[in-house]
Each structure stands twice: as C-alpha cells, then as structure tokens.
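Chemist: Protein sequences, first through last, are from chains A and B.
Position 71, counted from 1, in the first sequence is what numbering that gives the first Met the number 0 calls 70; the numbers after and before it change by one each time, with no gaps.
Position 86, counted from 1, in the second sequence is what numbering that gives the first Met the number 0 calls 85; the numbers after and before it change by one each time, with no gaps.
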Amino acid sequence: MYEKGYFSRSFSYYSFLSCHQYTLPILNCLLSPTEHFVLYNPEGNRLDVLIYQSLIESQAEVYKDGLLIQQAVANKQTMTVQSEIYDLPNESNSFNN
Amino acid sequence: MGFTVITQHKAQSTNSLNLVIPFSTRSSLWNEPVENSGLSSSPYGDGYYLIGTDELTVHPGIIGYLYRKYTKTYDGETAYWTFDVHQTMAAIAAIIGASACASIAGALLTMLVFTSSEYLAYRQALRVETYTFNYTYRVRVNGSIQLTSYRDITYWKSYNTTEKTTRWDEKSFNGGFGGSNSELVSQGIQNYVNSHS
C-alpha cells in the first residue's frame, strides 16, 4: 500500500528548542508570524515552523535547514487545508537568503 | 588580548567528589512537576509532597524543606484532532494554528511521529485538555512550618492517544507566589532565623 521503506526512518522525538516571534524576509510579505518554533529531528535537521494567523485562515510554513519544504493554509470557514510540498534541494526558496 | 592556554597531562587524580550530599537541593525545586509523580510524600501526614530542600549560605546548616499539595479542576477539552498518515507537518501546524492551541503548536508537533521527510508516519490523534491547579506550599525548618504560600496555574494537558504520551504546558499563571521555589524556601528560612534570634 505504501512505498517500500517509507516508514523505515520514522522518528518520534524532536528537540523543542524555542518559541519566539520572527520577521519573515521572503515573498515580499511584511507580516510577522504569530508563532515560530524551532525543532530538530533525529537526523539533526533544523526545522523552523512558522505560523501566521488571521481571523479566517492559519498558514504554516516548514523550513528544513533553512529551506522551505512545506506550506499549508487552513481555512476556518471552509474547514479546508491547502498544502504544498517542495522538492529538495531548491536554493531559490532558501529561508536564509 | 587573548588567553594563552597551557595544558598539562598528569596521572589519574586522587580527588573525588562526594556525590551523596545530604540535604542537596533536588532538581524538582527548579523543575517542579505538575503532578506528584516522582515526589515523596510528607512525613507529617498532612497530604503534602516534598518538592525539594535548600539552604542559605548566610545561614549554613539551616535547611528549608518545601512541600506542596494541590487540587485540580478540569476545565474541559480544548481540542481534539485525528491526523491521517502522510499528512504534512505544515498542514498539521496550520490546523493547530487555527485552534485555540496555536501557542503550543510546536510542543504538539513534538508529540507526533513523523517520517524523516516530515510526513506523519501513521494515523495519530491528539487531545488537548485544560486543567487549573491550585497549589499550596509549606516551607518547614526543623519540622515547623515557617511559611505558607500558593500558586494558581492553568495548564494544557496534551495527550497523543495513539502513542499514549502526555505532556503539560503552562497556559496561564493566575496568581500566587511569583518568585522561584528557591526564593520561597529562602523566605521560610529567614522567617525561622528571625524567630530564633
């Protein structure tokens, strides 16, 4: 049913390091995320999870070692989530640039 | 101007540290558990549990014991989600962000099992409940109560119903002693010293 070996590297523990506000310098977006969490997966990759909130929507972006790999928008009215995933590596989406 | 470091290689030292120090401050004094698990009950039969001990350098040998008991109130379920396998971390974060639990989204993500590609490894459910704890504290020195205080704190209790893991996160501090537990003990010791001087 699933791709062979898909679960072979699953993990359950992240290091929960910090939670603070952060100004996002990409996409010409002047908004600041409501929440910014930094996690580390067992492979040692840094994961930045940024959440933007509005009355209607909640948007989340996940950066892996500074590179945007996933983003999603949850709409509270329609109760739908639009999710996007990005190929790795892709320097054009670098979080640090 | 930088330091110059000189390192000497010597034979094995004969100095050792006594790791069994009576009255050493317990780590729970700083990292106080929400519930009583891991704590020992008070020998006074008063329903309190020992949080830790401390002493002041200005009053050596006078040990303050911090005890605590609590009542808790269930404030209700805040959120419940079931996330399907292969759900992206971003989608889960967005869903949590749309709830009243956005401030602990990072903590909740640590409770889920993901693949190395940041997809949910299998179907999992999270429940978040809210509890308010009314803690009362006693500082005893030589057995006598030298200080009483309280704290009212509301917590998120997050539970991964699939993994059977639980974590507590502070939601709000509602009132009571605002200092550290060491300060609480210090005040108790000072009260004892003042009453015996």
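C-beta atoms are modelled at their ideal positions from N, C-alpha and C, and glycine is treated no differently.
Which residues does DSSP list as the beta-bridge partners of A:Asn74?
Modeler: Paired residue(s): A:Glu56 and A:Thr79.
Chemist: Does A:Leu38 get closer than 8 Å to chain B when you measure Cβ to Cβ?
Modeler: So yes, A:Leu38 belongs to the interface.
Chemist: Between B:Gln86, B:Tyr154 and B:Tyr136, which has its C-alpha nearest B:Ile173's C-alpha?
Modeler: It should be pointed out that residue 173 of chain B corresponds to Asn in this sequence rather than to Ile. Of the candidates B:Gln86, B:Tyr154 and B:Tyr136, the one whose C-alpha sits nearest the C-alpha of B:Asn173 is B:Tyr154.
Chemist: Just checking: is the beta-carbon of A:Gln69 within a distance shorter than 8 Å of some beta-carbon in chain B?
Modeler: By this cut-off, A:Gln69 is an interface position.
Chemist: Per DSSP, what are the beta-bridge partners of B:Trp80 in this structure?
Modeler: BP columns for B:Trp80 point to B:Leu125.
Chemist: With contact counted as at least three CB pairs below 8 Å, one residue from each stretch, are the region 135 to 142 of chain B and the region 71 to 87 of chain A in contact?
Modeler: With the cut-off at 8 Å, the region 135 to 142 of chain B and the region 71 to 87 of chain A do not touch.
Chemist: For B:Ala104, is the beta carbon positioned less than 7 Å from some heavy atom of the ligand ATP?
Modeler: No copy of the ligand ATP occurs in the structure displayed, which carries no ligand at all.
Chemist: Please report the straight-line C-alpha distance between B:Thr87 and B:Lys68, rounded to a whole angstrom.
Modeler: So the alpha carbons of these two residues sit roughly 42 Å apart.
Chemist: Taking the DSSP output, what are the residues bridged to A:His35?
Modeler: In DSSP, A:His35 forms a bridge with A:Leu49.
Chemist: Check whether the Cβ of B:Ile61 lies closer than 8 Å to any Cβ atom in chain A.
Modeler: Not closer than 8 Å to any Cβ of chain A, the Cβ of B:Ile61 fails to qualify, so no.
Chemist: Against chain A, with Cβ distances strictly below 8 Å, would B:Leu108 count as a contact?
Modeler: Yes, because at least one Cβ of chain A sits closer than 8 Å to the Cβ of B:Leu108.
Chemist: Please report the straight-line C-alpha distance between B:Lys163 and B:Phe113, rounded to a whole angstrom.
Modeler: Each residue's Cα considered, the two are about 16 Å apart.
Chemist: Can you tell me whether B:Gln11 is buried or exposed, with buried defined as 16 or more other CB within 10 angstroms of its CB?
Modeler: Exposed is the call here.
Chemist: Return the bridge partner residues of B:Gly175 from the DSSP annotation.
Modeler: B:Arg150.
Chemist: Tell me which same chain residues have a C-beta within less than 6 Å of the C-beta of B:Val127, skipping the five on either side of it?
Modeler: The answer, listed in chain order, is Thr77, Ala78, Cys100, Trp155 and Ser157.
Chemist: Between A:Gln58 and chain B, is the shortest Cβ-Cβ distance under 8 Å, so that the two count as touching?
Modeler: Taking Cβ atoms only, chain B reaches closer than 8 Å to A:Gln58, which makes this a yes.
Chemist: Would you please state the rounded distance, in angstroms, between the beta carbons of A:Ala73 and A:Ser53? I believe it to be under 8 Å.
Modeler: About 11 Å separates the two Cβ atoms, so there is no contact after all.
Chemist: Using a Cβ-Cβ distance under 8 Å, would B:Ile94 count as near chain A?
Modeler: Yes - at least one Cβ of chain A is within 8 Å of the one on B:Ile94.
Chemist: Could you tell me which chain B residues have their CB closer than 9 Å to the CB of A:Thr33, listed as they occur along the chain?
Modeler: Within chain B, the residues near A:Thr33 are Gly96, Ala101 and Ser102.
Chemist: Please tell me whether A:Leu46 has its Cβ less than 8 Å away from any Cβ of chain E.
Modeler: Given the protein chain composition of this structure (A and B), no chain E is represented.
Chemist: By a C-beta neighbour count over all protein chains shown, 10 Å radius and 16 as the cutoff for buried, is B:Val57 buried or exposed?
Modeler: Looking at its Cβ environment, which holds fewer than 16 other Cβ atoms inside 10 Å, B:Val57 is exposed.
Chemist: Could you compute how far the alpha carbon of A:Met78 sits from the alpha carbon of B:Ile188?
Modeler: Their Cα atoms are separated by approximately 57 Å.
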